[in-house]
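Residue numbers (the working numbering), protein chains in the order written: chain D, 20 to 481; chain B, 290 to 386.
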Amino acid sequence: MIAAYFIQFSYIAAAALFILSLRWLSHPTTARRGVRAGEIGMALAVVGTLVHHEIVSYHWILVGFVLGSAIGLPLAVFMPMTHVPQRTALSHAFGALAAALVGTAEYYLRPGELSTFTMAALSLEVILGFLTFTGSLMAFGKLQDLVPSRPIVYKGQNGVNLSLLAVAVAAAVYLVMHPGRSELFPVMAVLSLLFGVLLIIPIGGADMPTVISLLNSYAGLSAAAMGFVLDNNLLIVAGALDGSSGFILSVIMCRAMNRSFTNVLFGGFGQVRVAAAGAEQRSVRGATAEEAAAILEASTSVVVIPGYGMAVAQAQHKVRELYDALTRRGVDVKFAIHPVAGRMPGHMNVLLAEADIPYDRLIEMEEINPEFPRADVALVIGANDVTNPAARHDKASPIYGMPILDVDKARTVMVIKRSMNPGFAGVENELYYMDKTMMLFGDAKAFVGELVKEMSGASVGA
Amino acid sequence: MPSNLESALFVFVLATFVGFEVIRRVSPLLHTPLMSLTNAISAISLVGSIVITGAEKSTLSTVLGTIAVVCAMANVVGGFVITDRMLKMFKTRETGR
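This is the structure in structure tokens:
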């Protein structure tokens with residue numbers, strides 16, 4: 020009896036601490052307190068659960084604890100910040116698999132005795148869990164370049180995918196009505212696993228921020244469904260928090276690309292299109308590091324626009340050196356962060372913070388856009404589609420209507436780019452052909468390094 | 290059972306609303322840590338995995354439960370540690386260097 024009260028108390032405290040934890044995350048100054056609150060809540064809940072009356076042996080629980088920590092800790096401690104999207108995808112896979120397996124175990128313990136409602140929740144838990152598991156593994160593969168990150172599309176793909184899901188759901192519905200038909204359970208599980216893989220195959224690298232957020236939401240919902248099955252309110256609360264967080268992030272990401280969920284999931288966006296108007300050969304203006312450095316030094320305000328290319332080139336620390344060199348000369352340097360820059364929500368912020376750039380210099384799109392006309396130089400490092408003015412006026416462009424950074428309004432535009440290859444959306448960027456644009460060809464890390472060297476050289480000579 | 294269902298749905302709806310209100314306030318600056326923190330929090334499925342594993346009702350449930358404990362534990366430990374690691378890096382000019 021006392022044990023039951025203790026469990027209930029620890030769960031209520033944990034739920035409150037989880038909400039506080041997210042509340043404190045709203046601002047960088049209180050965010051770490053939020054992590055502490057979450058940890059305490061988790062510890063309370065786990066200790067509370069360990070006294071549960073159904074537990075007869077701790078042997079395998081301990082094995083799980085040790086193995087889980089041995090996997091989770093190195094992933095968290097040694098993972099470079101550029102790989103955070105991969106780790107996140109992997110952790111969605113872990114979370115979803117845990118929910119799906121618990122659902123499966125629960126089903127086979129009492130296949131005939133599950134109530135309609137419990138069976139419905141259990142099916143939802145298992146379907147969402149398994150499809151999120153393989154979907155997240157695929158996303159991980161694409162981010163880690165184990166699987167081609169370009170979209171893989173074929174004819175009738177959506178038809179195949181949707182009918183797979185339809186069969187899985189039909190099996191689930193039948194199971195809800197006749198929970199004893201255990202031969203249908205593997206059908207539902209296997210189809211969900213397969214659907215997860217097929218769902219992610221046609222999705223391109225540039226859509227990863229939305230997809231990761233969506234998978235985040237599914238993982239949360241399957242945890243909440245598990246709460247319904249086990250009649251555990253704490254699971255429901257935590258799952259609902261995770262689910263709504265993932266949902267909010269996906270909405271923000273979709274809005275930042277002016278696209279709908281259906282379009283992201285079934286649109287096969289980002290296939291390299293045959294450029295329709297690509298026939299005319301337009302010329303661009305190249306420039307050397309020396310020229311660029313001279314202009315940067317002479318300016319009073321510079322806005323840097325980082326993109327996924329900066330992450331790929333691992334250029335963030337060189338960018339910080341550039342920031343220091345310019346700041347020392349009294350140049351005002353800010354960073355314009357597009358919501359979908361990088362491979363997951365907030366990716367650029369984490370990278371730049373890692374490189375010790377103060378977070379008050381990282382400015383969101385809505386706030387920085389009015390400042391571009393006053394900026395002397397807009398320096399684009401590894402970003403492409405989010406700077407393309409075609410999004411504003413070219414109705415034929417696939418990115419038409421997407422909110423962009425008003426880079427073209429700065430007095431001078433500099434673009435560091437490896438070559439003239441189009442970006443992930445396969446769309447030509449008008450920005451590169453403007454008269455005020457200087458193309459700086461080269462690897463982002465190496466080129467920023469050269470800029471810094473030019474500047475320090477000049478100051479020594481002066 | 291219907292009373293359980295009702296109260297469970299009640300909790301779910303309320304928690305979703307609280308989630309929306311709280312998470313809407315998180316600065317886009319911290320969206321990556323937000324995702325890793327909510328991920329760690331939803332690894333509370335560890336609790337369910339522990340009971341299934343420890344109850345040892347069948348070999349299948351113990352095996353699946355143990356794997357679930359491994360996965361959930363990896364997220365609990367990893368999620369909180371990496372979130373804190375990220376948040377430690379966010380500094381202003383005064384607190385930095």
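By construction, the Cβ of each residue, glycine as well, lies at the ideal position given by its N, Cα and C atoms.
Would residue i count as contacting chain D if we go by Cβ distances under 8 Å?
{"i": "B/G345", "result": "What sits at residue 345 of chain B in the sequence shown is Glu, not Gly. At least one chain D Cβ lies under 8 Å of B/E345."}
{"i": "B/T305", "result": "yes"}
{"i": "B/T321", "result": "yes"}
{"i": "B/M290", "result": "Note that B/M290 scores 46 on pLDDT, short of 50, meaning its location in the model is unreliable; the coordinates nonetheless yield the value given after this. Chain D, which has a Cβ nearer than 8 Å to the Cβ of B/M290, makes this yes."}
Would you please verify whether the beta carbon of residue i is less than 8 Å from any beta carbon of chain B?
{"i": "D/N388", "result": "no"}
{"i": "D/G160", "result": "no"}
{"i": "D/M245", "result": "yes"}
{"i": "D/L128", "result": "yes"}
{"i": "D/F25", "result": "no"}
{"i": "D/N235", "result": "yes"}
{"i": "D/I314", "result": "no"}
{"i": "D/P47", "result": "yes"}
{"i": "D/H197", "result": "no"}
{"i": "D/V96", "result": "yes"}
{"i": "D/L120", "result": "yes"}
{"i": "D/T123", "result": "yes"}
{"i": "D/A294", "result": "Interpretation of D/A294 is limited by its pLDDT of 43, a score under 50 that renders its predicted location unreliable; no figure is taken from the coordinates."}
{"i": "D/T151", "result": "no"}
{"i": "D/L133", "result": "no"}
{"i": "D/S76", "result": "yes"}
Can you list the residues of chain B that residue i reaches, using a CB-CB cut of under 8 Å?
{"i": "D/G239", "result": "T327 and S331"}
{"i": "D/D250", "result": "N293 and A297"}
{"i": "D/H71", "result": "I339, V340 and G343"}
{"i": "D/S142", "result": "Chain B residues near D/S142: none, gap ~15 Å exceeds 8 Å."}
{"i": "D/H111", "result": "N328"}
Under 7 Å between beta-carbons, which chain D residues line up against residue i? List them in chain order, please.
{"i": "B/T342", "result": "W79, I80 and G83"}
Give me the Cα-Cα distance between residue i and residue j, rounded to the nearest whole angstrom.
{"i": "D/F28", "j": "D/S320", "result": "56 Å"}
{"i": "D/H357", "j": "D/H412", "result": "19 Å"}
{"i": "D/K455", "j": "D/R304", "result": "9 Å"}
{"i": "D/F152", "j": "D/G262", "result": "15 Å"}
{"i": "D/A208", "j": "B/V365", "result": "25 Å"}
{"i": "D/A296", "j": "D/F460", "result": "Unreliable placement is indicated for D/A296, whose pLDDT of 45 sits below 50; the coordinate value is still reported in the next sentence. Going by the C-alpha atoms only, they are around 24 Å apart."}
{"i": "D/L203", "j": "D/V172", "result": "30 Å"}
{"i": "D/Y24", "j": "B/T321", "result": "36 Å"}
{"i": "D/L141", "j": "D/Y126", "result": "8 Å"}
{"i": "D/E340", "j": "B/V315", "result": "29 Å"}
{"i": "D/D13", "j": "D/A118", "result": "Since the displayed chain D opens at 20 and closes at 481, residue 13 of chain D lies outside it and no answer follows."}
{"i": "D/G239", "j": "D/I59", "result": "20 Å"}
{"i": "D/S264", "j": "D/V432", "result": "36 Å"}
{"i": "D/K161", "j": "D/N407", "result": "25 Å"}
{"i": "D/M363", "j": "D/V103", "result": "8 Å"}
{"i": "B/L318", "j": "D/Y378", "result": "8 Å"}
{"i": "B/V370", "j": "D/A95", "result": "6 Å"}
{"i": "D/A311", "j": "D/Y452", "result": "17 Å"}
{"i": "D/K428", "j": "D/L381", "result": "19 Å"}
{"i": "D/G289", "j": "B/A361", "result": "Low confidence applies here, because D/G289 scores a pLDDT of 45, under 50, leaving its location unreliable; read the following figure in that light. Whole-angstrom Cα-Cα distance: 34 Å."}
{"i": "D/M61", "j": "D/E383", "result": "33 Å"}
{"i": "B/V340", "j": "D/F247", "result": "15 Å"}
{"i": "D/A360", "j": "B/G343", "result": "44 Å"}
{"i": "D/A32", "j": "D/V405", "result": "44 Å"}
Can you name the residues of chain B whose CB is closer than 7 Å to the CB of residue i?
{"i": "D/R42", "result": "V311"}
{"i": "D/T68", "result": "V336, I339 and V340"}
{"i": "D/G57", "result": "L326, A329, I330 and F369"}
{"i": "D/I38", "result": "V307 and V311"}
{"i": "D/A463", "result": "Simply none; closest approach about 20 Å."}
{"i": "D/T431", "result": "The contacting residues do not exist; D/T431 stays about 26 Å from chain B at best."}
Give me the chain D residues within the contact set of residue i, using Cβ-Cβ distance strictly less than 8 Å, ordered along the chain.
{"i": "B/C348", "result": "This sequence places Thr at residue 348 of chain B; Cys is not what is there. Result: empty, since nearest Cβ-Cβ is about 10 Å, beyond 8 Å."}
What residue range does the beta strand (DSSP E) around residue i cover?
{"i": "D/K353", "result": "D351 to I356"}
{"i": "D/A456", "result": "Residue 456 of chain D is actually Thr in this sequence, not Ala. Per DSSP, D/T456 belongs to the beta strand (DSSP E) from T456 to F460."}
{"i": "D/E383", "result": "L381 to E383"}
{"i": "D/V66", "result": "From DSSP, D/V66 is part of no beta strand (DSSP E) but of the alpha helix (DSSP H) over P47 to L69."}
{"i": "D/K436", "result": "T431 to K436"}
{"i": "D/L398", "result": "V396 to I400"}
Find the residues of chain B that neighbour residue i, judging by a C-beta separation of less than 9 Å, and give them in chain order.
{"i": "D/L203", "result": "Those within 9 Å of D/L203 in chain B number zero; the least Cβ separation is about 17 Å."}
{"i": "D/I90", "result": "V359, C360, M362, A363, V366 and G367"}
On the DSSP letters alone, give me the boundaries of the alpha helix (DSSP H) that residue i sits inside.
{"i": "B/I330", "result": "H320 to S331"}
{"i": "B/M378", "result": "T348 to M378"}
{"i": "D/T137", "result": "T135 to L162"}
{"i": "D/V121", "result": "V103 to L128"}
Starting from residue i, find everything on chain E with Cβ-Cβ shorter than 9 Å and list it in chain order.
{"i": "D/S320", "result": "No chain E appears in the structure shown, which is made up of the protein chains D and B."}
- Task: Taking only beta carbons into account, state which residues of the stretch 367-396 of chain D come closer than 7 Å to chain B, listed in chain order.
- Result: For the stretch 367-396 of chain D, the residues whose beta carbon sits under 7 Å from a beta carbon of chain B are, in order, N368, V369, A372, E373, D375, P377, Y378, D379, L381 and E383.
- Item | Residues in the stretch 253-270 of chain D having any Cβ partner in chain B nearer than 9 Å | Answer set for the stretch 253-270 of chain D: L253, L254, I255, V256, A257, G258, A259, L260, D261, G262, S263, S264, G265, F266, I267 and L268.
- Could you name the residues of the stretch 349-367 of chain D whose beta carbon sits closer than 8 Å to any beta carbon of chain B, in the order they occur along the chain? Close to chain B, meaning a Cβ-Cβ distance shorter than 8 Å, are the following residues of the stretch 349-367 of chain D: I356, P358, M363, P364, G365 and H366.
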